[in-house]
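Residue 1 is where the sequence shown starts when you use the numbering used here, and the numbers rise one by one after that.
The beta carbon of each residue, even a glycine, is placed where N, CA and C say it ideally should be.
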Amino acid sequence: VIPNWKEQEWDPLHPENYAGIFHFRFWLFGEWMDVVVDDRLPTINGELIYCHSKVRNEFWSALLEKAYAKLSECYESLDGGNTADAVVDFTGAVTESINLKKGKYKQDIPAQIRLYEDLLSVFEGGGIISCSIKASRDDFETRLPSGLVRGHAYSVTAVRKARIGHGQPPFQRPEKVFLIRMRNPWGRTEWKGPWSDGSQEWQSVSSVERNAMGITVENDGEFWMAIDDWFVHFTDVDVCRLMNTSFLSLSKTWHEAVHFGSWTQHTNPLYNRCGGYSSILQNPQFVFDVTKAEDEVLISLQQRDRKIHARAGQGKNLTIGFAVFKVEINRTYRMHALITQPNVAISTFINARSVFMRKSLPRGRYIVIPSTHMPRDLGEFMLRVYTDTDSACRELTEDKPRVRCWTACLGYPRIVTHIYVHGAEGLQKQHPSGGVDPYVIIYCERSSVQSEVQKDTLEPLFDTRAIFYRKNPRKPIIIQVWDSNTVQDQFLGQVVLSASLKDSSEPQSLQLHKRGHEMAEEMPGTISLRVVTSSQLTAL
1 VIPNWKEQEW DPLHPENYAG IFHFRFWLFG EWMDVVVDDR LPTINGELIY CHSKVRNEFW
61 SALLEKAYAK LSECYESLDG GNTADAVVDF TGAVTESINL KKGKYKQDIP AQIRLYEDLL
121 SVFEGGGIIS CSIKASRDDF ETRLPSGLVR GHAYSVTAVR KARIGHGQPP FQRPEKVFLI
181 RMRNPWGRTE WKGPWSDGSQ EWQSVSSVER NAMGITVEND GEFWMAIDDW FVHFTDVDVC
241 RLMNTSFLSL SKTWHEAVHF GSWTQHTNPL YNRCGGYSSI LQNPQFVFDV TKAEDEVLIS
301 LQQRDRKIHA RAGQGKNLTI GFAVFKVEIN RTYRMHALIT QPNVAISTFI NARSVFMRKS
361 LPRGRYIVIP STHMPRDLGE FMLRVYTDTD SACRELTEDK PRVRCWTACL GYPRIVTHIY
421 VHGAEGLQKQ HPSGGVDPYV IIYCERSSVQ SEVQKDTLEP LFDTRAIFYR KNPRKPIIIQ
481 VWDSNTVQDQ FLGQVVLSAS LKDSSEPQSL QLHKRGHEMA EEMPGTISLR VVTSSQLTAL
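Here is the structure:
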């Protein structure tokens with residue numbers, strides 16, 4: 001946010017270089033924007049009115065605030081602003097707002113440990129963390145008996161595990177306490193409870209470790225808290241992650257996909273892109289792939305900042321969120337119905353500038369749909385998707401196959417069919433020592449889709465979806481089950497789905513047969529599946 005700060009710093013050896021102008025850079029909606037301000041700061045009786053440092057001759061924070069106010073058109077636009085939004089504007093980070101009270105962290109010790117480990121990882125990765133105690137208009141900035149202040153955004157300056165006690169090896173090891181160090185932005189009041197400055201708990205920590213942790217006993221606004229007390233007293237935490245996308249780094253790297261879009265209105269439902277949550281499919285749709293067995297996916301949705309329109313009465317954020325659906329592994333066109341696609345995740349819908357979600361997803365293809373809560377709300381958005389491997393994230397813009405110049409010769413799809421293969425039962429053993437490693441292949445006309453191999457089971461759960469746009473509805477669909485082997489795969493049976501097979505949204509259990517037509521000799525095992533077909537290509 002402060003480029004070339006050394007060149008802008010006051011140099012007492014060369015005062016002639018000072019020009020009274022300062023350069024800042026802010027990250028707005030995916031782009032870095034330069035802002036230049038002079039050195040004239042608002043004061044009353046010689047004292048800075050707004051942001052100021054404890055050191056009287058340090059002005060970078062006040063100058064940064066002035067540049068940020070200029071970007072927002074006035075200081076008034078900064079009043080009541082969101083801490084996480086400001087950090088994003090300064091760094092380009094991805095922000096996650098966590099409500100500790102709603103998440104019931106105070107009663108859930110395993111959840112506390114998981115969040116603490118995540119905070120530790122974020123902090124070590126250069127991220128920025130702040131926390132606060134929710135306050136109403138009446139009790140804002142109220143000082144509590146604990147020494148904490150309602151409504152203040154406390155910055156986290158360290159996350160550390162400290163060893164307490166000396167233990168008696170090999171029978172006893174020193175215990176560890178999970179600590180968080182915070183700083184009061186006003187630098188006057190501190191936490192008075194356990195692990196505060198000068199508290200007796202520090203006597204159980206060796207002097208070497210206390211020095212390494214920088215323990216001081218002075219009213220400087222910085223203090224330590226144990227994680228269990230932290231969860232009791234604080235209600236909200238903002239976690240800003242600096243996502244490492246450089247593959248030359250030794251630390252964890254992420255694959256980033258960034259897309260810009262807008263919620264726009266159209267009278268035709270197929271082209272409408274502002275359907276709101278009630279008609280969520282009438283919104284922009286983005287498809288991405290999870291190629292690992294399981295991957296933690298981070299999704300951030302941000303709307304264009306409206307605070308610059310606050311003075312005109314148009315500065316309120318839209319209520320936004322997104323939903324994630326698992327779809328067919330060969331889907332390349334937009335979704336039009338929810339009857340065949342499971343909803344695997346849905347974010348909070350909130351009138352905030354950004355919404356964030358982390359979700360562990362198994363291998364497969366997914367569609368994320370950013371949406372406003374109310375229909376016909378128009379606006380711009382930025383969607384960011386982070387995965388461990390390349391997700392090939394892209395927007396789906398077409399509803400069905402195009403009519404091309406060669407369509408008259410090669411034909412055009414007449415129906416669309418969705419196939420869901422749930423699993424199989426009673427497969428025949430191929431090895432005396434155990435089961436089989438089955439997988440399924442779905443053949444339709446000239447296309448095919450293959451599932452993942454399921455290891456050592458006679459009752460595999462394939463959970464495989466496929467969609468086909470069929471030119472010849474009379475040509476049957478063939479589903480084959482195979483055993484994966486090192487040298488040569490073994491055929492375990494197949495089912496032939498004729499055109500006369502009745503569609504059903506409920507699973508059907510069909511007997512496996514040998515190769516040939518659907519009346520061929522039976523083979524051990526059954527396969528459960530679901531078939532949905534429509535003559536309207538935009539029905540699924």
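Query: Could you pull the start and end residues of the beta strand (DSSP E) that S360 belongs to?; Result: 354 to 372
Query: Using a threshold of 7 angstroms, is the CB atom of H233 nearer than that to any non-hydrogen atom of the ligand ZN?; Result: Looking at this structure, you won't find the ligand ZN or any other ligand, since it has none at all.
Query: Between which residues of its own chain and T319 is the CB-CB distance below 6 angstroms, once the five residues before and five after are set aside?; Result: F349, N351, H373
Query: Return the chain-ordered ranges of every beta strand (DSSP E) run that is complete within the region 121 to 186 and spans a minimum of 3 residues.; Result: 128 to 132, 154 to 164, 175 to 183
Query: Going straight from the alpha carbon of S528 to that of R402, what length do you get?; Result: 33 angstroms
Query: Name the DSSP bridge partner or partners of C393?; Result: Bridge partners of C393: none, in fact.
Query: Looking only at C-alpha atoms, which of N99, K161, S53, Q490 sits nearest to K429?; Result: Q490
Query: Since V327 contacts Y386 with CB under 8 angstroms, what's their CB separation in whole angstroms?; Result: No, V327 and Y386 are not in contact; Cβ-Cβ is about 20 angstroms, not under 8 angstroms.
Query: Looking only at C-alpha atoms, which of V177, T526, N184 sits nearest to E143?; Result: One detail in the question is off: residue 143 reads as Arg in this sequence, not Glu. It is N184 whose Cα lies nearest to the Cα of R143.
Query: Buried or exposed, going by whether 16 or more other CB atoms sit within 10 Å of the CB of T83?; Result: buried
Query: Any chance the region 438 to 455 sits against the region 390 to 410, with 3 or more Cβ pairs inside 8 angstroms?; Result: no
Query: What is the residue span of the beta strand (DSSP E) that V232 lies within?; Result: Looking at the DSSP string, V232 is not in any beta strand (DSSP E); the run it does join, the alpha helix (DSSP H), is 227 to 233.
Query: Would you tell me roughly how many angstroms separate the C-alpha atoms of W202 and P342, rounded to the nearest one?; Result: 52 angstroms
Query: Mind the definition here: the region 124 to 136 touches the region 152 to 159 only if three or more C-beta pairs lie below 8 angstroms; say whether that holds.; Result: yes
Query: Compare the C-alpha of A607 against each of F234, Q200, F26 and name the closest.; Result: Residue 607 lies beyond the stretch modelled for the chain, which goes from 1 to 540, so this question has no answer here.
Query: Quick check on this structure: which residue in H23, G276, T538, I415 has the alpha carbon closest to the alpha carbon of G379?; Result: G276
Query: Would you report the Cα separation of V495 and T340, rounded to the nearest angstrom?; Result: 21 angstroms
Query: What residue does the beta strand (DSSP E) around C240 start on, and which one ends it?; Result: 236 to 241
Query: Taking 8 angstroms as the threshold (C-beta atoms), are I477 and Y443 in contact?; Result: yes
Query: Would you give the residue range spanned by the alpha helix (DSSP H) that E7 belongs to?; Result: 5 to 8
Query: Rounded to whole angstroms, what's the CA-CA distance from G147 to I180? Just pull it up for me.; Result: 16 angstroms
Query: In the DSSP assignment, the beta strand (DSSP E) including S61 goes from what residue to what residue?; Result: First-last for S61: 60 to 71, but that is the alpha helix (DSSP H), not the beta strand (DSSP E).
Query: W230: which of K101, S72, F22, E9 sits nearest, CA to CA?; Result: K101
Query: For M523 and A424, I'd like the C-alpha separation in whole angstroms.; Result: 12 angstroms
Query: Can you tell me the Cα-Cα spacing of V1 and T91, whole angstroms?; Result: 7 angstroms
Query: Starting from the C-beta of S246, find all residues in its chain whose C-beta is less than 7 angstroms away, skip the five residues before and the five after it, and write them out in chain order.; Result: T253
Query: Pick from G165, S121, S77, L28: whose alpha carbon is nearest that of F260?; Result: L28
Query: Quick check on the burial criterion: 16 or more other C-beta atoms within 10 angstroms. Buried or exposed for N485?; Result: exposed
Query: The alpha helix (DSSP H) spanning R210 covers which residue range?; Result: 207 to 213
Query: So, at 6 angstroms on beta carbons, what are the nonlocal neighbours of I346 in its own chain, with the 5 sequence-adjacent residues on each side left out?; Result: A323
Query: Does the separation of the CB atoms of Q285 and R334 fall below 8 angstroms?; Result: yes
Query: Less than 7 angstroms between C-beta atoms, sequence neighbours within five positions excluded: which residues of the same chain meet that for M243?; Result: V94, W254, E256, Y386
Query: Using DSSP with H/G/I as helix, E/B as strand and the rest coil, what is V487?; Result: coil
Query: Can you grab the Cα-Cα spacing for the pair V88 / G426, in whole Å?; Result: 55 angstroms
Query: For A293, collect the residues of the same chain with a Cβ closer than 8 angstroms to its Cβ; drop the 5 residues on either side in sequence, then sort them by chain order.; Result: P362, R363
Query: Go ahead and pull the three-state DSSP assignment for S251.; Result: coil
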